[in-house]
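Novice: Please see the structure below; I have some questions.
Number of protein chains: 2
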Amino acid sequence: MDMEEPLRAIAEPRRQQILRLLGDKEMASGEIAGHFNVSRPAISQHLQILKAAGLVSERRLGTRRLYQVRSEALAELKAFLDQFWEGALSSLSEAAEAEQRRLDNDRTSSQ
Amino acid sequence: MDMEEPLRAIAEPRRQQILRLLGDKEMASGEIAGHFNVSRPAISQHLQILKAAGLVSERRLGTRRLYQVRSEALAELKAFLDQFWEGALSSLSEAAEAEQRRLDNDRTSSQ
DNA sequence: CATAAACGTAAGCGACGCCTTACGTAATGT
DNA sequence: ACATTACGTAAGGCGTCGCTTACGTTTATG
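Sequence order for the protein chains is A and B. Under the numbering used here, the first residue of the first sequence carries the number 1038, and numbering increases by one thereafter. Under the numbering used here, the first residue of the second sequence carries the number 1038, and numbering increases by one thereafter.
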């Protein structure tokens, strides 16, 4: 599972704003651009990146193109992060405790 | 909640590799660099970025610096994605829109 | 003190990303 | 057919990113 593209896509603040603006609604490209102080092509380019990353879907209606958040993609991102701390640690509530235990162990058994 | 820094940090493939290599272990900077075909300073710079993003912690032992994954940060990232997911399923777009205007103002006023 | 070991920092280079303005394109209306 | 609407695309400016080599800094050791 290669999550580089979705991660890079969602890392950009402007694209986070677009995703939040969309919410569960379906919006046209121009309507989205109207909410920001950047040019319409800039938003269009962001939408292409989000679409390429699978984070939004596109639907054509007349001359307009309606975009919608693909919540499945966000679920995949969450699953990807789970992968990291299966190797990193057990549970969140014991994270600090485990860290302290590790610090003590390394103090006596450092190479 | 501003997750831009951690997201940009984890979006980079090399830093993903470093985090995976670390796992739950604690490793020195040079030992980490030994696993990749890039220079040691390159890895050192990546580690600074990961540290600044709160994704790893640093501990000094002699002349070495040991790095460790901060799994709490990964938990925060996951919670951040939960925020997006809920926004994509519920109808709270007006509040999200107001948040967008605020974020956009912050961005444009700092250029 | 002097040397070595382990590491971070500085400077610079090529590639990439976000933005702009100008232009091309597909669908609708008159 | 022609104009209009709603877009995407092209080209370029400008900052940022990841990498390199060279140098500085801190800690241990003879």
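Heads up, the beta-carbon is just placed ideally off N, CA and C, and yes, glycines get one too.
For A1079 of chain B, does the count of other Cβ atoms within 10 angstroms reach 16, so buried, or fall short, so exposed?
Specialist: Numbered from 1 along the second sequence, position 42 holds the residue referred to as residue 1079 of chain B. By the neighbour-count rule (16 or more Cβ atoms within 10 Å), A1079 of chain B is not buried but exposed.
Novice: Anything in chain A within Cβ reach of R1077 of chain B, meaning under 7 Å, just list it in chain order.
Specialist: Residue numbering aside, residue 1077 of chain B sits at position 40 when the second sequence is read from its first letter. Correct list: empty, because the minimum Cβ distance to chain A is about 19 Å.
Novice: Let me see if you follow: with CB-CB separation under 9 Å, is S1066 of chain B close to chain A or not?
Specialist: Numbered from its first residue, the second sequence carries residue 1066 of chain B at position 29. No, S1066 of chain B lies away from the interface with chain A (no Cβ there is under 9 Å from its Cβ).
Novice: Take E1068 of chain A as the anchor and find which of A:E1041, A:F1121, A:L1103, A:R1096 has the nearest alpha-carbon.
Specialist: For the purposes of this step, residue 1068 of chain A is taken as residue 31 along the first sequence, with counting starting at 1. Closest option to E1068 of chain A, Cα to Cα, is A:L1103.
Novice: For E1076 of chain A, count neighbouring C-beta atoms within 10 Å of its own C-beta (all shown protein chains included) and say buried if the count is 16 or more, exposed if not.
Specialist: Here residue 1076 of chain A refers to the residue found at position 39 of the first sequence. One detail in the question is off: residue 1076 of chain A reads as Ser in this sequence, not Glu. With fewer than 16 other Cβ atoms within 10 Å, it is exposed.
Novice: Which class does S1076 of chain A belong to by DSSP, given the choice of helix, strand or coil?
Specialist: Numbered from 1 along the first sequence, position 39 holds the residue referred to as residue 1076 of chain A. Correct three-state label for S1076 of chain A: coil.
Novice: According to DSSP, is E1103 of chain A part of a helix, a strand, or is it coil?
Specialist: Indexing the first sequence from 1 puts residue 1103 of chain A at position 66. A quick correction: the sequence has Leu, not Glu, at residue 1103 of chain A. If DSSP states are grouped into helix, strand and coil, L1103 of chain A belongs with the strands.
Novice: I'd like the span of the beta strand (DSSP E) that includes E1095 of chain B, first residue to last.
Specialist: Start at 1 with the first residue of the second sequence, and residue 1095 of chain B comes out as number 58. Here the beta strand (DSSP E) through E1095 of chain B covers 1093-1098.
Novice: Confirm, please, whether the CB-CB distance from A1048 of chain B to L1008 of chain A is below 9 Å.
Specialist: One cannot answer for residue 1008 of chain A here, as it falls past the ends of chain A, which runs 1038 to 1148.
Novice: Along the chain, where does the alpha helix (DSSP H) that runs through W1049 of chain A open and close?
Specialist: Counting from one through the first sequence, the residue named residue 1049 of chain A turns up at place 12. Note that residue 1049 of chain A corresponds to Glu in the displayed sequence, not to Trp. Looking at the DSSP string, E1049 of chain A is not in any alpha helix (DSSP H), and its letter there is neither H nor E.
Novice: Is there a Cβ from chain A that is less than 9 Å from the Cβ of I1055 of chain B?
Specialist: Stepping through the second sequence from its first residue, residue 1055 of chain B is reached at position 18. Not closer than 9 Å to any Cβ of chain A, the Cβ of I1055 of chain B fails to qualify, so no.
Novice: Whose CA, out of A:R1057, A:E1123, A:E1042, lies closest to the CA of D1119 of chain B?
Specialist: Taking the second sequence and counting its residues from 1, one reaches residue 1119 of chain B at position 82. The option with the nearest alpha carbon to D1119 of chain B is A:R1057.
Novice: Under three-state DSSP, which class holds A1070 of chain A?
Specialist: One-based indexing of the first sequence puts residue 1070 of chain A at position 33. If DSSP states are grouped into helix, strand and coil, A1070 of chain A belongs with the helices.
Novice: Please look up how many angstroms separate the CB atoms of L1084 of chain B and A1046 of chain B, rounded, as I've assumed it's under 8 Å.
Specialist: Against the second sequence, residue 1084 of chain B aligns to sequence position 47. Against the second sequence, residue 1046 of chain B aligns to sequence position 9. Actually they are not in contact, since the Cβ atoms of L1084 of chain B and A1046 of chain B sit about 11 Å apart, beyond 8 Å.
Novice: Any idea if E1101 of chain A is buried or exposed, counting beta-carbon neighbours within 10 angstroms, 16 or more meaning buried?
Specialist: Translated into positions along the first sequence, residue 1101 of chain A becomes position 64. Correcting the residue identity first, residue 1101 of chain A is Arg in this sequence and not Glu. So R1101 of chain A ends up on the exposed side.
Novice: According to DSSP, simplified to helix, strand and coil, what is A1116 of chain A?
Specialist: Indexing the first sequence from 1 puts residue 1116 of chain A at position 79. Helix.
Novice: Thinking C-beta only, is E1041 of chain A closer than 9 Å to Q1053 of chain B?
Specialist: In the second sequence, counting from the first residue as 1, residue 1053 of chain B sits at position 16. In the first sequence, counting from the first residue as 1, residue 1041 of chain A sits at position 4. Yes, the Cβ-Cβ distance between Q1053 of chain B and E1041 of chain A is below 9 Å.
Novice: Taking only three categories from DSSP, how would you classify A1065 of chain B?
Specialist: Taking the first residue of the second sequence as position 1, residue 1065 of chain B is located at position 28. Residue state, collapsed to three classes: strand.
Novice: Exposed or buried, R1096 of chain A, counting other C-beta atoms within 10 Å across all chains shown (16 or more means buried)?
Specialist: Within the first sequence, the letter at position 59 stands for residue 1096 of chain A. Counting Cβ neighbours within 10 Å, R1096 of chain A comes out exposed, since fewer than 16 surround it.
Novice: Leaving out the 5 sequence neighbours to the left and right, which residues in its chain are closer than 6 Å to A1065 of chain B when beta-carbon positions are compared?
Specialist: Indexing the second sequence from 1 puts residue 1065 of chain B at position 28. Cβ neighbours of A1065 of chain B beyond the five flanking positions: R1101, L1103.
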